[in-house]
Every structure is written in structure tokens, then in C-alpha cells.
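Undergrad: For the sequence shown, the numbering used here begins at 1 and goes up steadily by one. For glycine and all other residues, C-beta sits at the position ideal for the given N, C-alpha and C. What you are looking at is a predicted structure, and each value in this text was computed from that prediction instead of being measured.
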Amino acid sequence: MKSFVILTTDERIDFLKKKDKRLGKVINAIGPIECSVHSDSFEFIVSQIVGQMLSNKVAYIIFNRLKALCEEDICATKLLNLEWEELKQIGLSNSKCEYIKGFSMAVKEKTICLEELYKKDDEEVIKELTSIRGIGKWTAKMYLLFVLDRQDILPIEDGAFLQSYKWLYKTDDISKISIGKKCKKWKPYSSVAARYLYRALDIGMTKREFHLYKDLLYGEAEYEQ
């Protein structure tokens, strides 16, 4: 896993703050953020399959059990060599066993070549990944965002993003059309905006009601100069 820092002096940050006053408020409150991209693309997708419809805590436990079965080296060959019952015993459902086995076979038989995906545009990556059973648009967008570090990904399929989005805009309307209209102003840096919303959720900022004129961390009144 590789890490990098998005500084508040970054031109992308300046752009977003000018385009969206609410998001700018969040950015100012949080400041620079450290971000990560995953270097092991195969392991990342397997982790996303494991985590489908599970809490982060449960997904973490099951994924670490899977890593232990693979002797800390999750790869197509080792996963294909595991017995179905071994996978079920660590907490995987029948469908997830099928998806993991199917994805591993697709990689081994070169039906999909993960190493080549970085050369393709966002829509091509989504199309290729979602052609594999068990990989949906959510997983594909997480891959674009957290493996390929693409700059304009709007993860409207992700529950954590939606939670922060509803807080930011004080809305329960999370339809694709509504989100698209509100977040259009983030283009071409939607990924950076999304990372700040994830960070706001991670540090507990979203537990406090959003207000343009109050400190988002401490709730004290602020006044524009």
C-alpha cells in the first residue's frame, strides 16, 4: 500500500473550495489528508468481495482468516487450491465462495488482466471488471478510486459516501439524478471530494449537524469576515 498527502495548497483543493462552499467548509476543518492506494490489485478485489454487505469489522475478521489460509499471500493459485468447505468455515457464504473462485479462475486463465487495466479509461475498467460474476459497480468504482487513483470517481453506490453526502447537504434524497446534479460541480476532481467525505465520517465529524457558520469539529459559532 502506498500513501500520499493531499495538501490544502493543491490546485484541486482550491478548485473544489471555489465550486462548493459546503465542501470547502469540510476541507478547511480537516486540512491536509493522508490517502492510500493499494498496490496489490488482486488482493484488493478479493477483499471487496469478502466485504460485500458486511460491516467493516466483520469483513476485516473474515478477510484476515482468508489471508491466514493463504499463508499471508492471497493469489489466484492459492485460492483455487482451497477447498470449498475451508472457505465456508471462515465465514464466507456459498455465493462469495463462488465469486472468489470464479474471479481467481478468470485471472489465472487471463480472462481478465489486472495489470492492463491502468491503461484503460474509467468506463472500460468498470465494464471489464463487472463482466466477472460477483463484481459489481461498487467494487469497480472502489478499484478505480483506491487502486488506480483515478481523479473523477463519484462512488454513489457506497454506503459510507452516501452517509457523508446526506450530512453535507442535509438531504435524504440519494437518487442518482439528485446526487449527480449536486456533485457535478466537483468534476473533474470528484475523487478528492469523496476522500474528504470519507475522512469526515472516519473522524466523527458527521455526528455533528452540518452548519456553514459553526465549527464542524467543536460546534462553536464562527462568523465570516
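Quick check for students: name the residue ranges of the alpha helix (DSSP H) that lie wholly in the segment 36-60, counting only runs of 4 or more.
TA: 41-51, all fully within the segment 36-60.
Undergrad: Looking only at C-alpha atoms, which of S131, D14, G136 sits nearest to Q48?
TA: By one-based count along the sequence shown, residue 48 stands at place 48. Looking at the Cα atoms, G136 is the closest of the given residues.
Undergrad: I need the straight-line Cα distance from F42 to V192, nearest angstrom please.
TA: Numbered from 1 along the sequence shown, position 42 holds the residue referred to as residue 42. Numbered from 1 along the sequence shown, position 192 holds the residue referred to as residue 192. Each residue's Cα considered, the two are about 24 Å apart.
Undergrad: If S104 and L79 are in contact, beta carbons under 8 Å, what's the gap, nearest whole angstrom?
TA: One-based indexing of the sequence shown puts residue 104 at position 104. One-based indexing of the sequence shown puts residue 79 at position 79. About 4 Å separates the Cβ atoms of S104 and L79, confirming a contact at the 8 Å cut-off.
Undergrad: Decide yes or no for the touch test of the segment 174-187 against the segment 74-92: beta carbon pairs closer than 8 Å, at least 3 of them.
TA: no
Undergrad: Which residue marks the beginning of the beta strand (DSSP E) containing V5, and which one marks its end?
TA: For the purposes of this step, residue 5 is taken as the residue at position 5 of the sequence shown. That run of the beta strand (DSSP E) goes 2-6.
Undergrad: Assuming contact is defined by CB atoms lying nearer than 7 Å, are I27 and I6 in contact in what I supplied?
TA: Counting from one through the sequence shown, the residue named residue 27 turns up at place 27. Counting from one through the sequence shown, the residue named residue 6 turns up at place 6. No, the Cβ-Cβ distance between I27 and I6 is not below 7 Å.
Undergrad: Taking the beta carbon of K25 as the centre, do at least 16 other beta carbons fall within 10 Å, making it buried, or is it exposed?
TA: Counting from 1 along the sequence shown, the entry for residue 25 is found at position 25. So K25 ends up on the buried side.
Undergrad: Between V147 and F44, which are expected to be in contact by the criterion C-beta below 8 Å, what is the C-beta distance as a whole number of angstroms?
TA: Your numbering for residue 147 matches position 147 in the sequence shown. Your numbering for residue 44 matches position 44 in the sequence shown. So it is a contact: roughly 5 Å between Cβ atoms.
Undergrad: Determine the burial state of A194: buried for a count of at least 16 other Cβ atoms within 10 Å of its Cβ, exposed for fewer.
TA: Position 194 of the sequence shown, counting from 1, holds the residue named residue 194. A194 comes out buried.
Undergrad: Tell me the rounded alpha-carbon separation between K207 and A200.
TA: Position 207 of the sequence shown, counting from 1, holds the residue named residue 207. Position 200 of the sequence shown, counting from 1, holds the residue named residue 200. Rounded to whole angstroms, K207 to A200 spans 9 Å at the Cα level.
Undergrad: Given a cut-off of 7 Å, decide if I62 and K50 are closer than it, judged by their beta-carbon atoms.
TA: Within the sequence shown, the letter at position 50 stands for residue 50. Within the sequence shown, the letter at position 62 stands for residue 62. Note on residue identity: the sequence assigns Val, not Lys, to residue 50. Yes, they are a contact pair.
Undergrad: Which whole-angstrom value describes the C-beta separation of Y169 and K182, a residue pair presumed to lie in contact below a C-beta threshold of 8 Å?
TA: Reading the sequence shown from its first residue, position 169 is the one you call residue 169. Reading the sequence shown from its first residue, position 182 is the one you call residue 182. Contact holds; Cβ gap of about 6 Å.
Undergrad: Would you mind working out which of S175, S39, V58, I174 sits nearest Y118, comparing C-alpha positions?
TA: On the sequence shown, residue 118 is found 118 positions in, with the first residue counted as 1. Of S175, S39, V58, I174, the residue nearest in Cα terms is S39.
Undergrad: Which class does K120 belong to by DSSP, given the choice of helix, strand or coil?
TA: As a working mapping, residue 120 is identified with position 120 in the sequence shown. Here K120 sits in coil by DSSP.
Undergrad: What are the partner residues of E34, as DSSP defines its beta bridges?
TA: Translated into the one-based positions of the sequence shown, residue 34 becomes position 34. Paired residues: V5.
Undergrad: Within a Cβ cutoff of 6 Å, which residues of the same chain sit near L87, ignoring the five residues on either side of it in sequence?
TA: Here residue 87 is taken as the residue at index 87 of the sequence shown, counted from 1. Within the same chain, L87 has close Cβ partners C97.
Undergrad: Which residues in the same chain as K110 place their Cβ atom closer than 7 Å to its Cβ, once the five residues preceding and following it in sequence are excluded?
TA: The residue labelled residue 110 in the question sits at position 110 within the sequence shown. Taken in chain order, the list of residues that qualify is empty.
Undergrad: Where does D73 land, buried or exposed, given buried means 16+ other C-beta within 10 angstroms?
TA: Looking up residue 73 in the sequence shown gives position 73. Exposed, by the Cβ-count rule.
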